[in-house]
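Sequential numbering of the sequence shown, starting at 3, is according to this note's numbering. Shown next, in structure tokens, is the structure this report addresses.
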Amino acid sequence: MKPAPIIIVCLGLIAFHPGQAQPQPSPGPQADQQKGPPGGLRPIPQGTQVFRDLEYVPGGHERQKLDLYLPAGEAKARPLVIAIHGGAWRGGSKENSLAVRLVRDGYAVASINYRLSQDAIFPAQIEDCKAAVRWLRANANKYGLDPNRFAAWGTSAGGHLAALLGTTGDIKDFDKGPNLDQSSAVQAVVNFFGPSELLTLGRQSGSTSRMDHNAADSPESQLLGGALQKNPKAARRASPITYVSKNDPPMLLVHGTADPIVPCEQSRVFYRALLKKKIPAKLHLVEGAGHGSGFGINEAEALTDFLGTYLKARP
């Protein structure tokens, strides 16, 4: 499969940093044929059907919406990649997702918003991600999706939530809201430099770290609603590594060895935990890469090869 160069540049735009400018969403929901997203910031493959602002919690919070991108042509069972944006759980948007480029390889893509930490503390974020998965599965026939071929891909805070989706597929505690007759499990996970064990972030951070994770106003503390180290139970509950089991789906972990925000050791430890449970997992380290910078064609190949192996996109 020819790799799509979807991660060569600008990963940092959807990484861990709040406050970035975001394009304005278009009215929805509706289907349309688009050459690009609102503002024309990133091209959308020609002929893509776009359904914007679909409410996965009808009448819910303004953030409980997703955009759905379908490849051109008729298909009854497309594999789906669920894109979860970064932004330190306190910023970011479903708009302008890099994952949309996967449409040209035959994947449907759902780019989701979720409640941010200023809207609601954890577990609201994973509850929303799971609600989105259930909604997509409940509406799979309507949109030509294969409910048995869902993958989650996220970067940074979004990578954390993608990993949490993967490790809690058999955990019902976070399933809240509509479509509870549907599974919130995914069949594959791609985690780009997302934290996996919140309590160890500070200890693993080196001298070049740009963040004090244990501070009372750190992104992790804001996510939990209190200082990280003073809320160990909540921190463990919010950590993907807590739930690793033999039932987890295959996972690809991608991390820069010089990441000054989320220490690379987070992915190393998570990877070893997955292997211990015999989960098909791959750790792709990028020597000298930072937090969303320094990535290139090798990472594009790793992503498309992984999805091709475990979702088997068909033209």
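For every residue, glycine included, the Cβ atom is placed at its ideal position computed from N, Cα and C. The structure displayed is predicted, hence computed values, not measured ones.
Between Val191 and Leu163, the beta carbon gap of about 10 Å keeps them out of contact (Cβ cut-off 8 Å). Shown here, Leu313 sits in coil according to DSSP, grouped into three states, outside any helix or strand. If you ignore the 5 residues before and after Gly204, its C-beta comes within less than 6 Å of the C-beta of His215, Asn216, all in its own chain and listed in chain order. Taking each of Gly146, Ala165, Pro180 in turn and checking the Cα distance to Gly61, the smallest one comes out for Pro180.
Between Tyr145 and Val105, the C-beta spacing is not below 8 Å. About 18 Å separates the beta carbons of Tyr245 and Ala133, which is beyond the 8 Å limit, so they are not a contact pair.
DSSP places Ile128 in the uninterrupted alpha helix (DSSP H) bounded by 126-140. Closest in C-alpha terms to Ala154, from the list Leu225, Ile84, Val288, Leu147, comes Ile84.
Distance from the Cα of Leu305 is smallest, within the candidate group Ala275, Met253, Ser295, for Met253. In this structure, the straight-line span from the alpha carbon of Ala112 to that of Arg44 is close to 16 Å. Secondary structure note for Pro265: it is in no alpha helix (DSSP H), with a DSSP letter that is neither H nor E. DSSP, read as helix, strand or coil, puts Arg274 in helix.
The three-state secondary structure of Asp307, taken from DSSP, is helix. Between Gly89 and Ala165, the C-beta spacing is not below 8 Å. Bounds of the alpha helix (DSSP H) holding His162 are 159-169.
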